Each structure stands twice: as C-alpha cells, then as structure tokens.
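Beneath this line is the structure, given in structure tokens, with notes to follow.
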Amino acid sequence: MTTPQSGGARLRTPAHRVSRRARVWWAMRSAIGTLVVLAPQVVAAVVWPRVADVLLVTGIATFVVGVAHLLVVPRVRYARHRWEITDDAVHTLSGWLRLEWRIAPISRVQTVDTDRGPLQRAFGLSSVTVTTASSSGALTIDGLDAGDAVVLADRLTRATEHLGGDAT
Amino acid sequence: MITATQLPWQRLDRRMLVVHPIVDLAKLVPVLLVIAITGGTADDRWRLGGGLALAVAVMLYGVSRWFTTTYRIGADRVELRTGLLRRHHHSVHRDRIRTADLTANPAHRLFGLAVVRVGTGRREGGEDAELTLDAVARGEAERLRALLLREAVPAGPDAPAAPELARLRWTWVRFAPLTFSALAVVGAVWFGLLRLAEEFSIRPGTQVLEETAGRAPIWLGAVALLVTAVVGAAVVFVEGWWGYRLTRADDGGLVLRRGLLTRRTLSLEGRRIRGVELDEPLLVRLGRGARPLALTTGLRSDGSGEHVGAVGPAMPRREAHRVAAGVLGVGEDEATRTRLVRHPRAALVRRVTRSLGPALLVAAVLLVLQRVPGDFVLVPVVLGLALLLAVDRIRSLGHALTPSALVARQGAWVRRTVVLRRGGVIGWRLEQSLTQRRAGLVTLHAVTAAGRGRYEVLDVDTARALELVDEITPGLLAPFVIDGRGARSFVRR
C-alpha cells in the first residue's frame, strides 16, 4: 500500500446564490415550525393549570430557540447555498457544519421538476429538482426566483432532451 | 410484420384453474384457523358459515382470474389484461424489457408451471414497471424468458452448457448459521412455537413453568437456542440455495438458478451490471467466508427478504473473490482483490477516536454509577473491544482506482468491498463535516443507478478525492478547481 501524493487542489464555490427573498421564506418556515411546537404547550398550560409552571419553562425555551433559529439559520443558508450549471453538470453546494457538494452530469439527468409550495408561491419562489437514475442522485435547489427557476428548468430540459439512452 | 391488433390474446395455463384456488386458500389458512379457534360457544353456525362463505368466495375469485387474464406478446410490445370488475390493461414496450425472471412456488411446481415476471428495470413507478404472468407451463416460461431477453438458444436440458461461474457446494452450509438471517430464523421459530402454544391454549401454569424451568439448567436453554439457530439456518439455506448455479449468458449477463421448494431463475442482463460487492459480516469473516453481490440497475427485492443482488450464498472467501471477478469478467486482482491505497493518517486517527469516544463515555458512566459489581472487569473489556474495532476498521479502510473501476473497502461489523465500474458512476457527492475539515479529509460518494444508489470512499485526502473525480469523469470539476495549498476545506468560501 502506498500513501497518495497530497496535492493542493481545492474548489471555488459555485457562482450563483439563490433569491434574496428565500431568506424571508426560510424565516417564515422557521416561525411556523416554532409555532407548531409552541401552540400545544400553550393549550396544555390553559387546560391543565397544574403543569403550567413546567410548561412556562419549556415554552420560554422553545421561544428562545425558535427566535435564535429564525435569526441565524436563514442567513447562514443564504450565505452557504450555491449552485452553478456548467456545460457538463449541475452543481450544488449546501450545508453549514457539514459541507455537501452534489454533482449531476447533464448527460445523466433524467427529469427536471419545478416545485412551488403555497409559502414559496407567496414569495415568488420556486424549487428545482434534478433527478438521475440513482435512488440517491437527486439534487434540489431551493428558494430560486420563480422566473429564474422556469428559465433554468427549461434550459436543463433542452440540454438533456437530445441525449439518447436511459442515462443509467 | 404482424400488427399488434391481429395477434390473438392468450390465456394463462389451464392448470391455473386449480392452482389459483389452492394458493389463495393456503393464504387464507391462518384466517380460517382463527375463525375456527376463537370465539365463544354462541353463534357457532355463523362462524362456520362465514368461514365457508369466505373460502368459497376466495376460490371463485381464484377461478375467475384465469378467465379474466389474457396476454399477448407482439413484435414490439407485451400486453396483459387483468381484472374482473376493474379491467386493467398493461403494456410494456419490448425494447424496455430488462428482466424476465421465473419463479415457481411448490403449488406451481406440482403442476409443472412457472411465473414469468417481466420488468423494465425502472426503480420508480412501482408495480407499473412490472408485468406478471402467473403462470404458464414451465417450458413455455423458459421459451418466453429467452424470447423476451433475446437470447439465442432457449436453455433446455439438451442445450450446450453455458459457462459456469459457480455451483453449490454442500460444505458452504457451514456459513449459514453465521449469517444474520440465522438469528432471525431462531426468533421466528420460537415466536411461532409460542404463538401456536397460545393459540391452542397450552398455557402451562406458572407453577409448572417454575418447577420445570427452575430445575432446567441455563445451559440447556442456550443449547436449545443454538440448535434451533443451526438447524433453522441450515433449513433456510437448503430451501434458498438448493441447486444453485450461476452461469454466464450470451450477452455477458448472468443467469442465477436456485431454490428447493420455490424455484427461482433470475437473469441479470450484462449491460445492467455496474459492479460487484463482497460482503463479509463479522461472523462469516471469522469463518473465512464472504458473500458475493452484483451491483445491477433496476433490481428490486424478490420479496423473500434476500439481499438484493446476491449472486451466491456465503461461501469461502477464495470462492467469493473468484465469483465476483467472474461476474465482472476481469481478473481477481482487478476486482475485489485489488491492492488498496492506504488512507491518510488522519483517517486512521478518526477510526480510533470514533470508536474509543463512545466507549470512553460508557466507561465513565460505569465508573461514576458504581452500580455494576464487575466494573473493573467490564471497563477494560469495553475499552479493549472498542480498540479492536478501531484496529479492524483501520485494516479494512482502503480504496483504489483500477483501469476499469473504483474500488473501496471499509467496515468492521460488515466489511464491504465495492468494485464500481467507472462507467457506472453517474454523479458525485463530496461531504465534509467540521471534524473532517479540520483533518483535511472528505467522504466521496460515487452515485450510481445500481445497488444502494451510492457508494462511499470514506475519509480520503481532499486532493485525492478531486483526483478520483477527475480520473473517472474527466473535466467535470475542472471549472471549479483552484490552487489551495495548505487548505483544509475543499471549498474556498
């Protein structure tokens, strides 16, 4: 066994960020998530006054964590999420503590989907999901501007449709 | 050319008129048993009548299936029509057919029939991706299989023997009790026995239990468990792998035949094979055995819980290496026996910290609690085992790039050696956690359409990972590569 030569290569980040409005969308999602956890606690505190003391503590904790999440996570996501489409492949970079770079070669792309949830629609956002023949080869770009997403999906679809084979 | 509309529709084999009701009734037995056994004394007539009505309905439905099911195999599509009340027309383009597998359960075999499963090899799409002819005569099934897979010669008893890659040796049965499924068998057998006893109201009173069980020495229980494990595993092995033969088909694919009661003929098309894997679960590895698997696209579980893609049972390691190499059609030292490259020192250190860390935590808890009397024995044992685990993981860890494939090996509980053909890689994932960043390592996942979907090269040097990507898919990352001497993160922020 030999130890490989250690070179100095590393990667620059993909060029594009997602839409600025994605931060608001992520913040809204975070707030809704916090509410979903908080509401039952409030209801329980009203219904069973005996456990109200405990619930006050957990409720405050939930609120603090929720607010922190709302303030930090959308910014970090916006700062970290990048994507780029080269002539050969679709690249996405995501993650905060754990970096994750996904690559799907254009020649292997099977489907290109755009997806708009009610919340995303409210902010004029859209997700683009690119799938390949692998069960774990999917790649999603969240929080794109809806117009950009359509253009992007269109471009990818056109890039892939003239390719033959079943891309496996 | 005959157009599809002119072809007559065919029915399944007439013998299915008998087989369908038998199989359906067999499935109904537990329900009928429950109906027969449970309940009080009142309304016995209703229960009897209800049970009979159910049985008759099921039999009628079974018979009706023969009348409502028709199929035809045209020049470019295979069509199947089923359903009594809800008609279902199913058609598969022949160009899309990737698999045509035969299975025959005991009822089918009794009547000389076999089920043909035609698959398009698509993962998604659920049952729409599959078309089942349940069932046709054995000879017809073999003919259809050869026809649909465009094999030159239907494999009959008189046909010239195809090149054989492996054949069952009865000495391999020794690995059966070492596999995990043996434990599952023990559990199932004991659970079944207890359920049965309960069902028939054989509930030994606690007194009796205490008298007998209390007197029986504990080793008797252990021996009973062990014997069931060994015997059960052997029985499962014999049922599953009786008549096991792995042969090479004309197109470079494989034909796998096995099974005692339920006979299975599985064909793996050559162009669907993306690689091989050699699995060595700890116990099997201690017995110097291994299990060969083929990584192919569009293979679903066959329902019997067997590992998808298994091309043989656990067998001696030497044999397994040979089978794996045979599946790929390369030499053994270019397949699972490739000389592997050692990973950076930091990767080895990580094996130790990741194994010893939790063990130290357990040891600390044990020492603080002071509840368990044998602490001074237990703590060194826990730490010792963790260290052994770490050493084993270090010994397993390695990867290599051969002219044709990417080879990666890791693991202690189950050591897996994966050989993935370069052409089978259809994407990448690079992952780097905070601690990996500090150590300058990344985990590289090669994404593929076969097997588990992606296979990882654990903890490689950042530059090496980029080198592997560039070797296998040239130019893919080129627009992104910059110089980053001395950098830890693989991405410049």
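Protein chains in written order, with UniProt numbering: chain A, 1 to 168; chain B, 1 to 493.
Glycine is no exception: its CB is placed at the ideal position from the N, C-alpha and C atoms.
Note that this is a predicted model, so its numbers are computed, not measured.
- prompt: Whose Cβ in chain A lies nearer than 7 Å to the Cβ of P479(B)?
  reply: Here residue 479(B) refers to the residue found at position 479 of the second sequence. Residues of chain A passing the Cβ test: T86.
query: Is A8(B) buried or exposed, if buried means 16 or more other CB atoms sit within 10 Å of its CB?
result: Position 8 of the second sequence, counting from 1, holds the residue named residue 8(B). Checking the sequence, you will find Pro at residue 8(B) rather than Ala. Classification of P8(B): exposed, given that the 10 Å Cβ count is below 16.
query: With a cut-off of 9 Å, does the C-beta of W101(A) fall near any C-beta of chain B?
result: One-based indexing of the first sequence puts residue 101(A) at position 101. It does: the Cβ of W101(A) has a partner Cβ on chain B nearer than 9 Å.
task: Pair every Cβ in the region 110-125 of chain A with every Cβ in the region 137-145 of chain A, then say whether three or more of these pairs are closer than 8 Å.
output: yes
field: Closer than 7 Å at the beta carbon, the chain A residues around Q370(B)
entry: Numbered from 1 along the second sequence, position 370 holds the residue referred to as residue 370(B). None at all; the shortest Cβ gap to chain A is about 31 Å.
message: Quick check on L430(B): buried or exposed, where buried means 16 or more other Cβ atoms within 10 Å of its Cβ?
response: Residue numbering aside, residue 430(B) sits at position 430 when the second sequence is read from its first letter. L430(B) should be labelled buried.
task: Sort H343(B), G74(B), V115(B), R167(B) by Cα distance to A463(B) and report the nearest one.
output: Here the question's residue 463(B) lines up with position 463 in the second sequence. Answer by Cα proximity: H343(B).
- request: Could you confirm whether any beta carbon from chain A is found closer than 9 Å to the beta carbon of S433(B)?
  value: Locating residue 433(B) in the second sequence gives position 433, counting from the first residue. Taking Cβ atoms only, chain A reaches closer than 9 Å to S433(B), which makes this a yes.
message: Could you check whether the Cβ of A487(B) sits closer than 9 Å to any Cβ belonging to chain A?
response: Here residue 487(B) is taken as the residue at index 487 of the second sequence, counted from 1. Taking Cβ atoms only, chain A reaches closer than 9 Å to A487(B), which makes this a yes.
message: Can you check whether the C-beta of G137(A) is within less than 9 Å of a C-beta belonging to chain B?
response: Numbered from its first residue, the first sequence carries residue 137(A) at position 137. It does; some Cβ of chain B falls within 9 Å.
- prompt: T13(A) versus chain B: which residues are under 9 Å apart at the beta carbon?
  reply: Locating residue 13(A) in the first sequence gives position 13, where the first residue counts as 1. The answer, in chain order, is F480, V491, R492, R493.
message: With a threshold of 9 Å between beta carbons, is T99(B) in contact with chain A?
response: In the second sequence, counting from the first residue as 1, residue 99(B) sits at position 99. No, because no Cβ of chain A sits closer than 9 Å to the Cβ of T99(B).
query: From what residue to what residue does the alpha helix (DSSP H) around D142(A) run?
result: The residue labelled residue 142(A) in the question sits at position 142 within the first sequence. Careful: D142(A) lies outside any alpha helix (DSSP H), inside the beta strand (DSSP E) at 139-145.
query: Does any C-beta atom of chain A lie closer than 9 Å to the C-beta of E467(B)?
result: Residue mapping note: residue 467(B) aligns to position 467 of the second sequence, counting from 1. Taking Cβ atoms only, chain A reaches closer than 9 Å to E467(B), which makes this a yes.
message: Give me the chain B residues within the contact set of L93(A), using Cβ-Cβ distance strictly less than 8 Å, ordered along the chain.
response: The residue given as residue 93(A) occupies position 93 in the first sequence. By Cβ distance, chain B contributes V491.
field: Segment limits, alpha helix (DSSP H) that includes E239(B)
entry: Residue mapping note: residue 239(B) aligns to position 239 of the second sequence, counting from 1. Where E239(B) is concerned, the enclosing alpha helix (DSSP H) stretches over 218-241.
query: Any idea if E471(B) is buried or exposed, counting beta-carbon neighbours within 10 angstroms, 16 or more meaning buried?
result: The residue labelled residue 471(B) in the question sits at position 471 within the second sequence. Counting Cβ neighbours within 10 Å, E471(B) comes out exposed, since fewer than 16 surround it.
query: To the nearest angstrom, how far is it from the Cα of T171(B) to the Cα of L348(B)?
result: Sequence index remark: in the second sequence, residue 171(B) carries index 171 (1-based). Sequence index remark: in the second sequence, residue 348(B) carries index 348 (1-based). Using only the alpha carbons, I get a separation of about 37 Å.
Start and end residues, alpha helix (DSSP H) containing T58(A): To locate residue 58(A), count along the first sequence from 1; it is residue 58. First-last of the alpha helix (DSSP H) with T58(A): 52-80.
- request: Taking P106(B) as part of the alpha helix (DSSP H), name the residues at either end of that continuous run.
  value: Mapped onto the second sequence, residue 106(B) falls at position 106. Looking at the DSSP string, the run of the alpha helix (DSSP H) that includes P106(B) is 106-110.
L286(B) versus A133(A): straight-line alpha-carbon distance, rounded: Indexing the second sequence from 1 puts residue 286(B) at position 286. Indexing the first sequence from 1 puts residue 133(A) at position 133. Rounded to whole angstroms, L286(B) to A133(A) spans 37 Å at the Cα level.
- prompt: If you run the structure through DSSP and keep just helix, strand and coil, what is R98(B)?
  reply: Indexing the second sequence from 1 puts residue 98(B) at position 98. Looking at R98(B) - three-state DSSP - the assignment turns out to be coil, as it is neither helix nor strand.
message: Is the beta carbon of T402(B) closer than 9 Å to that of E334(B)?
response: Reading the second sequence from its first residue, position 334 is the one you call residue 334(B). Reading the second sequence from its first residue, position 402 is the one you call residue 402(B). Yes.
query: Is the region 65-77 of chain A in contact with the region 389-407 of chain B, if contact means three or more CB pairs nearer than 8 Å?
result: no
message: Quick test of your reading: R274(B) and G62(B), contact by CB under 8 Å. State the CB separation rounded to the nearest angstrom.
response: Against the second sequence, residue 274(B) aligns to sequence position 274. Against the second sequence, residue 62(B) aligns to sequence position 62. Not a contact, Cβ separation roughly 40 Å.
task: For R155(A), go through chain B and note every residue whose CB falls closer than 9 Å to its CB, in chain order.
output: The residue you call residue 155(A) lines up with position 155 of the first sequence. Within chain B, no residue comes near R155(A); the closest Cβ sits about 17 Å away, beyond 9 Å.
task: Just confirm the distance between the C-beta atoms of R82(A) and L93(A), as a whole number of angstroms; I'd bet it's less than 8 Å.
output: Translated into positions along the first sequence, residue 82(A) becomes position 82. Translated into positions along the first sequence, residue 93(A) becomes position 93. About 4 Å separates the two Cβ atoms, so the contact holds.
query: Can the beta-carbon of L102(B) be found closer than 9 Å to that of R264(B)?
result: One-based indexing of the second sequence puts residue 102(B) at position 102. One-based indexing of the second sequence puts residue 264(B) at position 264. Yes, the pair counts as a contact, with Cβ atoms nearer than the cut-off.
query: When the Cα of A135(B) is compared with those of R98(B), V230(B), T70(B), which residue comes out closest?
result: The sequence position of residue 135(B) within the second sequence is 135, counting from 1. Here the closest residue by C-alpha is T70(B).
- request: Starting from G275(B), follow the beta strand (DSSP E) in both directions and report where the run begins and ends.
  value: For the purposes of this step, residue 275(B) is identified with residue 275 of the second sequence, where counting begins at 1. 273-281 is the extent of the beta strand (DSSP E) around G275(B).
- prompt: What did DSSP end up calling Y455(B) once you bin it into helix, strand or coil?
  reply: For the purposes of this step, residue 455(B) is identified with residue 455 of the second sequence, where counting begins at 1. It is a strand residue.
field: Reference T296(B), options L119(A), S135(A), R21(A), D145(A), closest by Cα
entry: Numbered from 1 along the second sequence, position 296 holds the residue referred to as residue 296(B). The shortest Cα separation from T296(B) among L119(A), S135(A), R21(A), D145(A) belongs to S135(A).
query: Apart from the five residues on each side of it in sequence, which residues of its chain come closer than 6 Å, Cβ to Cβ, to P14(A)?
result: Numbered from 1 along the first sequence, position 14 holds the residue referred to as residue 14(A). Closer than 6 Å at the Cβ level, and outside the excluded window around P14(A), lie R82, W83, E84, H91, L93.
task: Pick helix, strand or coil for G331(B), following the three-state DSSP scheme.
output: In the second sequence, counting from the first residue as 1, residue 331(B) sits at position 331. Here G331(B) sits in coil by DSSP.
task: State yes or no: is the beta carbon of R10(A) nearer than 9 Å to at least one beta carbon in chain B?
output: Here residue 10(A) is taken as the residue at index 10 of the first sequence, counted from 1. Chain B, which has a Cβ nearer than 9 Å to the Cβ of R10(A), makes this yes.
message: Counting beta carbon pairs with one atom in the region 357-368 of chain B and one in the region 446-463 of chain B, are three or more of them shorter than 8 Å?
response: no
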